[in-house]
């Protein structure tokens, strides 16, 4: 088995921990506002200090996403962005010298249409390191199938947990996880929010008891101050909507690079 993807992710979290910071994990939708710009944005995120990148796969019915990412996804699809294009972007990033982990984040349907074994094989060949599939429970048959193919190709399978998860659910999901566990900071859809939920620390602590894997927190983080708050309690800080929102601005690559650099700085732990 090629453990390349899982190992690369573990190394990224370990490197961040050694520098007493949380790993900074930006998300960006491939194909928004067009393929070439999204490729350049992801390169800029790497330059700005990203430790891992969530590479967004456009899908027509993104259930967990708020208006910002839904709109970006719609534009990417209208431009004809396909799963093959996403793999091509990953391949081009690797050919261009990007070495940090690239994790494909997308809904189950496009992966199923492509073929689960085929997408795991081709994602690994392109240079991806794992999958985050928000609508695929790891304990259902489809989830178990995808986990098996990820394992066969050395890819991480990163499940999600919400604050409403029971202790039993936390046990089931963390046992299925490889790479890290994605904690949804709030129940609901993605999107920038003014403040983080007060019970986030208790939620992270509940999951921490169940697994030794790194815990990344996402949904609602939009400022360096919020990134710093999350960095004090979690191993990874995920930011999506706040960055994607700049995709249609003037000079999107530069604007996103600036915000990403300030968020990456926020993920450095400071004494509370």
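Residue numbers (the working numbering): 1038 to 1309. Note that CB positions come from ideal geometry on N, CA and C, so glycine has one too.
For residue i, name the three-state secondary structure that DSSP assigns.
i, result
"residue 1271", "coil"
"residue 1072", "helix"
"residue 1308", "With a pLDDT of 47 at residue 1308, under the threshold of 50, the predicted position of this residue should be treated as unreliable, and no value is reported."
"residue 1215", "coil"
"residue 1221", "strand"
"residue 1060", "strand"
"residue 1092", "strand"
"residue 1085", "coil"
"residue 1039", "The predicted position of residue 1039 is uncertain, since its pLDDT is 45 and thus under 50; no value can be drawn from it."
"residue 1054", "helix"
I believe residue i touches residue j by the beta-carbon criterion, under 8 Å. Please report the beta-carbon distance rounded to the nearest angstrom.
i, j, result
"residue 1200", "residue 1240", "5 Å"
"residue 1046", "residue 1167", "6 Å"
"residue 1278", "residue 1103", "6 Å"
"residue 1072", "residue 1122", "6 Å"
"residue 1271", "residue 1059", "6 Å"
"residue 1186", "residue 1207", "Actually they do not touch by this definition, with Cβ atoms about 24 Å apart."
Is the CB-CB distance between residue i and residue j below 8 Å?
i, j, result
"residue 1081", "residue 1293", "yes"
"residue 1089", "residue 1140", "yes"
"residue 1213", "residue 1250", "no"
"residue 1273", "residue 1252", "yes"
"residue 1171", "residue 1130", "no"
"residue 1216", "residue 1268", "no"
"residue 1312", "residue 1096", "Any property of residue 1312 remains undetermined from this structure, which presents the chain solely from 1038 to 1309."
"residue 1077", "residue 1210", "no"
"residue 1128", "residue 1093", "no"
"residue 1218", "residue 1237", "no"
"residue 1138", "residue 1264", "no"
"residue 1147", "residue 1112", "no"
"residue 1276", "residue 1066", "no"
"residue 1068", "residue 1118", "yes"
"residue 1120", "residue 1151", "yes"
"residue 1124", "residue 1159", "yes"
So is residue i in contact with chain D if we call contact Cβ pairs under 8 Å?
i, result
"residue 1051", "The structure shown contains no chain D; it is built from a single protein chain."
With 16 other CB atoms within 10 Å as the buried threshold, where does residue i fall?
i, result
"residue 1285", "exposed"
"residue 1136", "exposed"
"residue 1055", "exposed"
"residue 1176", "exposed"
"residue 1091", "buried"
"residue 1181", "exposed"
"residue 1063", "buried"
"residue 1100", "exposed"
"residue 1027", "In the structure displayed, the chain extends from 1038 to 1309; residue 1027 sits before or after that span and is not available."
"residue 1235", "exposed"
"residue 1087", "buried"
"residue 1242", "exposed"
"residue 1132", "exposed"
"residue 1039", "With a pLDDT of 45 at residue 1039, under the threshold of 50, the predicted position of this residue should be treated as unreliable, and no value is reported."
"residue 1042", "buried"
"residue 1162", "exposed"
"residue 1109", "buried"
"residue 1085", "buried"
Under 7 Å from any heavy atom of the ligand NAP, does the C-beta of residue i make it?
i, result
"residue 1243", "The ligand NAP is not among the ligands present in this structure, which contains no ligands whatsoever."
Can you list the beta strand (DSSP E) stretches of 3 or more residues lying completely in the region 1129-1163, in chain order?
1139-1142
As an exercise, report each continuous alpha helix (DSSP H) stretch of at least 4 residues that is fully enclosed by the region 1094-1132, in chain order.
1104-1115, 1120-1132
Counting only runs that start and end within the region 1234-1302, where is the beta strand (DSSP E) found for 3 or more residues in a row?
1252-1255, 1273-1276
Fully enclosed by the region 1165-1209, which alpha helix (DSSP H) runs are 4 residues long or longer?
1178-1189
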